[in-house]
Amino acid sequence: MPRKEVTEKEKEEIRKRVEREFPGCKALQDIHYYRYMKEIEWQTMSPGEIIKDIKRGASEVKREMKAFA
Numbered sequence: 002m003p004r005k006e007v008t009e010k011e012k013e014e015i016r017k018r019v020e021r022e023f024p025g026c027k028a029l030q031d032i033h034y035y036r037y038m039k040e041i042e043w044q045t046m047s048p049g050e051i052i053k054d055i056k057r058g059a060s061e062v063k064r065e066m067k068a069f070a
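Using the working numbering, the final residue of the sequence shown is 70, and nothing's skipped along the way.
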């Protein structure tokens, strides 16, 4: 199944949630914002699709890390 699209309202709610949970720590806010977004996207995906999405994201992070190394 396709991934669920995250609405602007959900994004704003997530942003407020992470600011409340991790006040003053922008790095943790960013990490958990991404995590909560992915949880919403994965609600309609199969386990196999979720794994592919995780691997694709990991390879993107590796490429970015190499670019800055």
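Cβ coordinates follow ideal geometry from the N, Cα and C atoms, glycine included.
When you compare the CB positions of I41 and E13, do they come within less than 8 angstroms of one another, or not?
Contact flag unset, no.
Is it the case that the region 15-24 contacts the region 55-67, given that we only count it when at least three CB pairs across the two stretches are under 8 angstroms?
Segments in contact, no.
By Cβ distance, which residues of its chain are closer than 6 angstroms to R16, with the 5 residues on each side in sequence left out?
Cβ neighbours of R16 beyond the five flanking positions: none.
Once DSSP output is grouped into helix, strand and coil, what is the label at R4?
R4 falls in the coil class under three-state DSSP.
Between the alpha carbons of G25 and E9, how many angstroms are there, rounded?
Rounded to the nearest angstrom, the two C-alpha atoms are 23 angstroms apart.
If you drop the 5 nearest sequence neighbours on each side, which residues of the same chain put their C-beta closer than 7 angstroms to that of L29?
So the qualifying residues of the chain are F23.
For Y35, count neighbouring C-beta atoms within 10 Å of its own C-beta (all shown protein chains included) and say buried if the count is 16 or more, exposed if not.
So Y35 ends up on the exposed side.
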